[in-house]
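Structure first, then comments.
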Amino acid sequence: MQECHTGLCLSVYIITFVLGLPANLLAFYTFFNKVRQKPTPIDILLLNLTISDLLFLVFLPFKMHEVVNDMVWDLPYFLCPLSGFVFYMTIYNSTFCLTAVSVERYLGVAFPIQHSLKRRPLYAIGASIFFWIFSFLHLSIVFIIPFIGAGTSPGLSPGQNASAASVVGDVNEKKVCYENFTEAQLNVLLPVRLELCVVLFCIPLIICSFCYINFIRILSKLQNINRRRRLRAIGMALGTLLVFALCFGPYNVSHIVGFIYWKSPKWRTKALLCSTFNACLDPLIFYFSSSAVRGNVGSLVDGVKGYLDRCMPCHLVLRCCETEPDTRSKSDTRSKDESNTNTI
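Just so it is clear: in the sequence shown, position 135 is 135 by full-length UniProt numbering, and no numbers are missing.
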């Protein structure tokens, strides 16, 4: 069974959920309003990337529960393939969206006139639909695997054969989700994982690298662009490439290693943590990619500051009101003591 240190995995999941959910909700609100008012291809692509991250975050608590429960799956069984399917599908859908954004940005600086003439929101909508369908079809393997060789192991139902394993014992049965595969299942799963790595990661990475490297090269030569804007765009391109490689690389390397040794490597779950963390790094890309997101973040910060500024005087007044009775009572007590002393 794959190993995942409870403290490490749970910490990454919680940090990703706590930071990623509000940031992606803010990004969704921004891009949804922009697309509704005046859709542009890059806003449509970023909106789909946000939806993918939000869907990922919605199902992340199932992974948290699994880790807390020592990787034992005690929830209804249908949630195992469903959560796994959404988990993996949104990861690869994000790679497609990030790649499409890189192509859009490269074409905008490499062929500005031709691209502006042929730039249509409908193309971005069509590309987004294709990404969702393509990812859906490829990751449907998660639903298929449990039924390969079903019934070969006594004591397990067909639905549990691929994703649940029985621990030796008459009473206690330890179920794990999407692990402990049979030889027949590995014969199908490992080649499919290799194909996922090549088609859904390596090819998008090559395209993304080509686009952003040339994007940076062209921007570096342009002198008519404000230096601050140019540096921000170059930083965004480098950051996106870094996120792409570091977040999705280790998990896809585990597919190659698994195919070579013909078994899932034990560190595959830890490699998946890098892909998980991508959900709270994407909002940084949104921040540098969209002035609307920066504007909403600025408005949110100003609103919080304004609220704190309004609350501070009230808080000080309340503190003064709380201390005044004590001061008065002390002065009254002191005056009474003095009068008693004079009387004596």
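Beta carbons: idealized from backbone N, C-alpha and C, even for Gly.
| task | Report the residue from 109, 96, 201, 258 whose alpha carbon sits nearest the alpha carbon of residue 213. | result | For the purposes of this step, residue 213 is taken as residue 213 along the sequence shown, with counting starting at 1. Closest option to residue 213, judged by alpha-carbon separation, among 109, 96, 201, 258: 109.
| message | Would you call the segment 96–111 in contact with the segment 74–87, where contact means no fewer than 3 C-beta pairs closer than 8 Å? | response | Fewer than three pairs of CB atoms, one per stretch, sit closer than 8 Å, so the segment 96–111 makes no contact with the segment 74–87.
| request: Evaluate residue 63 with the Cβ neighbour count: other Cβ atoms within 10 Å of its Cβ, from every protein chain shown; 16 or more gives buried, anything less gives exposed. | output: Looking up residue 63 in the sequence shown gives position 63. By the neighbour-count rule (16 or more Cβ atoms within 10 Å), residue 63 is buried.
| query | For the segment 231–245 against the segment 95–110, are there 3 or more C-beta pairs whose distance is under 8 Å? | reply | Judged by Cβ distances under 8 Å, the segment 231–245 makes contact with the segment 95–110, as three or more pairs qualify.
| task | Could you tell me whether the Cβ atoms of residue 139 and residue 88 are closer together than 7 Å? | result | Along the sequence shown, one-based indexing puts residue 139 at 139. Along the sequence shown, one-based indexing puts residue 88 at 88. Yes, the Cβ-Cβ distance between residue 139 and residue 88 is below 7 Å.
| said: Just to confirm my understanding: we take residue 41, look at its own chain, exclude 5 residues before and 5 after, and list those with CB closer than 8 Å. What are they? | reply: Position 41 of the sequence shown, counted from the first residue, corresponds to residue 41. In its chain, beyond the 5 residues on either side, 104, 119, 120, 121, 123, 124 have a beta carbon closer than 8 Å to the beta carbon of residue 41.
| Is residue 196 near residue 258, with beta carbons less than 7 Å apart? | Within the sequence shown, numbered from 1, the residue matching residue 196 stands at position 196. Within the sequence shown, numbered from 1, the residue matching residue 258 stands at position 258. Pairing residue 196 with residue 258 gives a Cβ-Cβ distance that is not under 7 Å.
| For the segment 212–287, which segments carrying the alpha helix (DSSP H) assignment without a break, of at least 4 residues, lie completely within its bounds, in sequence order? | 227–261, all fully within the segment 212–287.
| said: Taking only three categories from DSSP, how would you classify residue 175? | reply: Position 175 of the sequence shown, counting from 1, holds the residue named residue 175. Secondary structure of residue 175 (DSSP, three-state): coil.
| query | From residue 304 to residue 39, what does the alpha carbon distance come to, in whole angstroms? | reply | Counting from one through the sequence shown, the residue named residue 304 turns up at place 304. Counting from one through the sequence shown, the residue named residue 39 turns up at place 39. Answer to the nearest angstrom: the Cα atoms are 30 Å apart.
| task | Mind the definition here: the segment 65–78 touches the segment 44–54 only if three or more C-beta pairs lie below 8 Å; say whether that holds. | result | The segment 65–78 vs the segment 44–54: no contact.
| field | C-alpha gap between residue 270 and residue 32, whole angstroms | value | Along the sequence shown, read from residue 1 onward, the residue named residue 270 stands at position 270. Along the sequence shown, read from residue 1 onward, the residue named residue 32 stands at position 32. Roughly 34 Å between the two C-alpha positions.
| Can you name, in chain order, every residue of its own chain whose Cβ lies under 7 Å from the Cβ of residue 274, other than the five neighbours on each side? | Sequence index remark: in the sequence shown, residue 274 carries index 274 (1-based). The beta carbon of residue 274 is closer than 7 Å to those of 246, 247, 250, 251 in its chain, skipping five residues each way along the sequence.
| How many Å lie between residue 135 and residue 93 at the Cα? | Residue 135 sits at position 135 when you count from the first residue of the sequence shown. Residue 93 sits at position 93 when you count from the first residue of the sequence shown. Per the coordinates, the alpha-carbon of residue 135 lies some 6 Å from the alpha-carbon of residue 93.
| task | Closer than 7 Å by C-beta to residue 144: which residues in its own chain qualify, once you throw out the five before and the five after it? Chain order, please. | result | If you number the sequence shown from 1, residue 144 lands on position 144. Non-local beta-carbon contacts of residue 144 in its own chain, meaning distances under 7 Å to residues more than five positions away in sequence, are absent.
| task | From the DSSP output, in three-state form, read off residue 305 for me. | result | As a working mapping, residue 305 is identified with position 305 in the sequence shown. It is helical.
| For residue 157, does the three-state DSSP call read helix, strand or coil? | Numbered from 1 along the sequence shown, position 157 holds the residue referred to as residue 157. Because the pLDDT at residue 157 is just 38, under 50, the model does not fix this residue reliably, and the value given afterwards should be weighed accordingly. Under the three-state reduction of DSSP output, residue 157 falls in the coil class, being neither helix nor strand.
| query | Where residue 198 and residue 253 are concerned, what is the direct C-alpha to C-alpha distance, given to the nearest angstrom? | reply | By 1-based counting over the sequence shown, the position of residue 198 is 198. By 1-based counting over the sequence shown, the position of residue 253 is 253. Cα-Cα distance, rounded: 10 Å.
| Nearest CA to the CA of residue 149: which residue from 176, 186, 128, 208? | Residue 149 sits at position 149 when you count from the first residue of the sequence shown. When only C-alpha atoms are compared, the closest one is 186.
| query | residue 19 by DSSP, collapsed to three states: which one? | reply | The residue given as residue 19 occupies position 19 in the sequence shown. DSSP places residue 19 in helix when its eight states are reduced to three.
| query | Leaving out five residues before and five after residue 128 in sequence, what residues of the same chain have Cβ atoms less than 7 Å from its Cβ? | reply | Locating residue 128 in the sequence shown gives position 128, where the first residue counts as 1. If the five residues before and after residue 128 are omitted, its C-beta is found closer than 7 Å to the C-beta atoms of 44, 45, 48, all from its own chain and listed in chain order.
| query | Which full runs of the alpha helix (DSSP H) of 4+ residues lie inside the segment 89–145, going along the chain? | reply | As far as the segment 89–145 is concerned, its whole alpha helix (DSSP H) runs of at least 4 residues are 112–118, 121–139, 141–144.
| request: Using alpha carbons as the reference points, say which of 37, 133, 183, 12 lies closest to residue 57. | output: The count along the sequence shown starts at 1 and reaches residue 57 at position 57. Comparing alpha carbon positions, the residue from 37, 133, 183, 12 closest to residue 57 is 12.
| task | Grab me the residues of residue 268's own chain with a C-beta within less than 8 Å of its C-beta, minus the 5 sequence neighbours each way, in chain order. | result | As a first step, residue 268 must be located in the sequence shown, where it is residue number 268. Correct list, in chain order: 2, 251, 254, 258.
| Under the three-state DSSP convention, the category residue 201 falls into | In the sequence shown, residue 201 corresponds to position 201, counting from 1. When secondary structure is reduced to three states using DSSP, residue 201 falls in the helix class.
| said: Less than 7 Å between the beta carbons of residue 19 and residue 311, yes or no? | reply: Against the sequence shown, residue 19 aligns to sequence position 19. Against the sequence shown, residue 311 aligns to sequence position 311. The beta carbons of residue 19 and residue 311 sit no closer together than 7 Å.
| said: Suppose you measure from the CA of residue 207 to the CA of residue 309; what does that come to, to the nearest Å? | reply: Along the sequence shown, read from residue 1 onward, the residue named residue 207 stands at position 207. Along the sequence shown, read from residue 1 onward, the residue named residue 309 stands at position 309. Rounded to whole angstroms, residue 207 and residue 309 show a C-alpha spacing of 48 Å.
| Range of the contiguous alpha helix (DSSP H) that encloses residue 62 | One-based indexing of the sequence shown puts residue 62 at position 62. Unbroken alpha helix (DSSP H) run through residue 62: 41–68.
| query | Can you tell which of 177, 225, 131, 188 has the C-alpha that lies nearest to the C-alpha of residue 200? | reply | Residue numbering aside, residue 200 sits at position 200 when the sequence shown is read from its first letter. If we check each option's Cα against that of residue 200, 131 comes out closest.
| message | In whole angstroms, give me the CA-to-CA distance for residue 175 and residue 228. | response | As a position in the sequence shown, residue 175 is number 175, starting the count at 1. As a position in the sequence shown, residue 228 is number 228, starting the count at 1. Distance between the alpha carbons of residue 175 and residue 228: 55 Å.
| query | Should residue 301 be labelled buried (16 or more other beta-carbon atoms within 10 Å of its own) or exposed? | reply | For this step, residue 301 is matched to residue 301 along the sequence shown. Exposed, since its Cβ has fewer than 16 Cβ neighbours within 10 Å.
| field | residue 183 burial status per 10 Å Cβ neighbour count (16 or more: buried) | value | Counted from its first residue, the sequence shown places residue 183 at position 183. Residue 183 comes out exposed.
| From this set, 298, 91, 188, 102, which residue's C-alpha is nearest residue 272's C-alpha? | The residue you call residue 272 lines up with position 272 of the sequence shown. Considering only 298, 91, 188, 102, the residue with the shortest C-alpha distance to residue 272 is 91.
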